[in-house]
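To keep things clear, I will list the structure first and then write my remarks on it.
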Amino acid sequence: MKAAVQECAQAPLVLQDVPVPGVGPREVRVRVRACGVCHTDLHLGEGLFKTFGYDPFPLVPGHEIAGVVDEVGSDVTHVRCGDPVVVYWWHSCGRCRCCLAGEEESCLEGLSRMNATGLTRHGGYAEFVSVPAESLVPLPAEIEFAEAAPFSCAGLTVYAGLRNAGLRPGQRAAILGIGGLGHFGLQIARAMGAEVIALTSSEAKREIARRLGAHHVLPAAGREFGKQLRELGGADVVVSTTMDFQAIRDVLDGLRPQGTLVLASLTAGRLPIDPRTMILAQQRVMGTFLGSRSQLGELLKLAVLHGIRPVLEKYPLERVNEVQQRLRQNKVQFRAVLEP
Numbered sequence: 126m127k128a129a130v131q132e133c134a135q136a137p138l139v140l141q142d143v144p145v146p147g148v149g150p151r152e153v154r155v156r157v158r159a160c161g162v163c164h165t166d167l168h169l170g171e172g173l174f175k176t177f178g179y180d181p182f183p184l185v186p187g188h189e190i191a192g193v194v195d196e197v198g199s200d201v202t203h204v205r206c207g208d209p210v211v212v213y214w215w216h217s218c219g220r221c222r223c224c225l226a227g228e229e230e231s232c233l234e235g236l237s238r239m240n241a242t243g244l245t246r247h248g249g250y251a252e253f254v255s256v257p258a259e260s261l262v263p264l265p266a267e268i269e270f271a272e273a274a275p276f277s278c279a280g281l282t283v284y285a286g287l288r289n290a291g292l293r294p295g296q297r298a299a300i301l302g303i304g305g306l307g308h309f310g311l312q313i314a315r316a317m318g319a320e321v322i323a324l325t326s327s328e329a330k331r332e333i334a335r336r337l338g339a340h341h342v343l344p345a346a347g348r349e350f351g352k353q354l355r356e357l358g359g360a361d362v363v364v365s366t367t368m369d370f371q372a373i374r375d376v377l378d379g380l381r382p383q384g385t386l387v388l389a390s391l392t393a394g395r396l397p398i399d400p401r402t403m404i405l406a407q408q409r410v411m412g413t414f415l416g417s418r419s420q421l422g423e424l425l426k427l428a429v430l431h432g433i434r435p436v437l438e439k440y441p442l443e444r445v446n447e448v449q450q451r452l453r454q455n456k457v458q459f460r461a462v463l464e465p
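Right, here's the structure in full:
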């Protein structure tokens, strides 16, 4: 089969002919119909995850996977060949406190080992991928494979953040940054019954934000995100998808009392926050990392009911390096998907 292989950090991917993966008793092989290209893939290629104590190379990247079950292991009974599926790519032990509570994304074994398809085991930049059987989520017939793939990471990260922040119908949700994560956030927040505010410095994305569900679009001229949001009446939940620390700090000025700031972008640095303001206003700051397998199922059902779909660029596997370079240069507006 064809696969794009990352031989080592800081090197381009190489398209190779490799053996079709087999399956263990509790594994399933999936014929990959679509695999999203995510910033996490760039971090992997840059060698960022070596800081967690392992060297994953050579590796086939790709964790946003949708496809069709091609072969099942001898102990697998809940899926059959031909089933359309989405892969929940974060693997957990199934035994710890978090796993038993249905919070697989917080599994201590998974976090300590970065145990995931496309990070520590071969992923979806290939025609086939083998994954643990318990990682499969049924794909509704109403959603195409290319549309489904980004839900498993980008969509789920935002959905879990809004859900875990306690967003309720009638409340206000502001989305800071309208890109690969943020454009999901607009649609999901509206589907959850919120009044939705888009915060973007991109003039080109303002009309798109309205079409995706924003009731209000604030241009944030001069990065006065918080001031504009406060003048509009503030927001109960703000989801930040930006890497701009100043913008994140500014938007706190528009957070309502007892409101929640959700950090959704994986970046390093220090975020200056005055705890006195947060204490008096009873506000909180939380992160969102992926979400649970059950939440992925919920999200796909929500997408069917409310027409939530990613805005896509589709490419063949052979153009993977070009796609990653476009993503690196911020030329991918929303989500890019490979179709092996």
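The opening residue of the sequence shown carries number 126 in our numbering; numbering runs sequentially from there.
Think of the CB as a built atom: it goes at the ideal place given N, C-alpha and C, for glycine as much as any other residue.
For Ser217, count neighbouring C-beta atoms within 10 Å of its own C-beta (all shown protein chains included) and say buried if the count is 16 or more, exposed if not.
buried
Contact set for Gly187: own chain, Cβ-Cβ below 6 Å, skip 5 residues either direction
Cys160, Gly243, Gly248, Gly249, Tyr250
Whose CA, out of Leu427, Ala389, Leu377, lies closest to the CA of Met403?
Leu377
Excluding the 5 residues flanking Leu167 on each side, which residues of the same chain have their C-beta closer than 8 Å to its C-beta?
Gln449, Leu452, Arg453
Roughly how many angstroms lie between the CA atoms of Arg156 and Ala406, to the nearest whole one?
51 Å
Roughly how many angstroms separate the alpha carbons of Leu427 and Trp214, rounded to a whole number?
Rounded to the nearest whole angstrom, the C-alpha separation of Leu427 and Trp214 is 20 Å.
I'd like to confirm the pairing. Which residues does DSSP put opposite Val436 in its beta bridges?
According to DSSP, which records beta bridges pairwise, Val436 is partnered with nothing at all.
Would you call Asp200 buried or exposed, if buried means 16 or more other Cβ atoms sit within 10 Å of its Cβ?
exposed
Here's the rule I'm using: 16 or more other beta-carbon atoms within 10 Å means buried, otherwise exposed. How should Cys206 be labelled?
exposed
In the DSSP assignment, the alpha helix (DSSP H) including His168 goes from what residue to what residue?
164 to 170
Which listed residue (Ala136, Thr282, Gly379, Ala266) has its alpha carbon closest to that of Gly172:
Ala136
Give the DSSP-derived three-state secondary structure of His203 in the structure shown.
coil
Proximity to Thr385 [Cα-Cα], best of Pro209, Ala299, Arg335, Thr392
Ala299
Would Met126 and Glu252 qualify as a contact pair, given that the criterion is a beta-carbon distance under 8 Å?
At the C-beta level, Met126 and Glu252 come within 8 Å of one another.
Starting from the C-beta of Gly286, find all residues in its chain whose C-beta is less than 6 Å away, skip the five residues before and the five after it, and write them out in chain order.
The beta carbon of Gly286 sits closer than 6 Å to the beta carbons of Val364, Val387, Ala389, Thr413 from its chain, once the five residues preceding and following it are set aside; these are given in chain order.
In the DSSP assignment, find the beta strand (DSSP E) that holds Asp195 and state where it starts and stops.
Element bounds for Asp195: 189 to 197.
Express the C-alpha separation of Glu328 and Ala372 in angstroms, rounding to a whole number.
17 Å
For Gly379 versus Gly359, is the C-beta spacing smaller than 8 Å?
yes
Can you check DSSP and say which residues form a bridge with Ile322?
According to DSSP, which records beta bridges pairwise, Ile322 is partnered with Ala299, His341.
Tell me, please, which residues DSSP counts as bridged to Asp142.
Lys127
For Leu264 versus Val211, is the C-beta spacing smaller than 8 Å?
yes
Whether Glu189 touches Cys133 by CB criterion (8 Å):
Not closer than 8 Å, so no.
Using alpha carbons as the reference points, say which of Leu233, Gly351, Phe309 lies closest to Ala334.
Phe309
Write down every uninterrupted run of the beta strand (DSSP E) in the segment 382 to 448 whose length is 3 residues or greater and which is fully enclosed by it, in chain order.
409 to 412, 437 to 441
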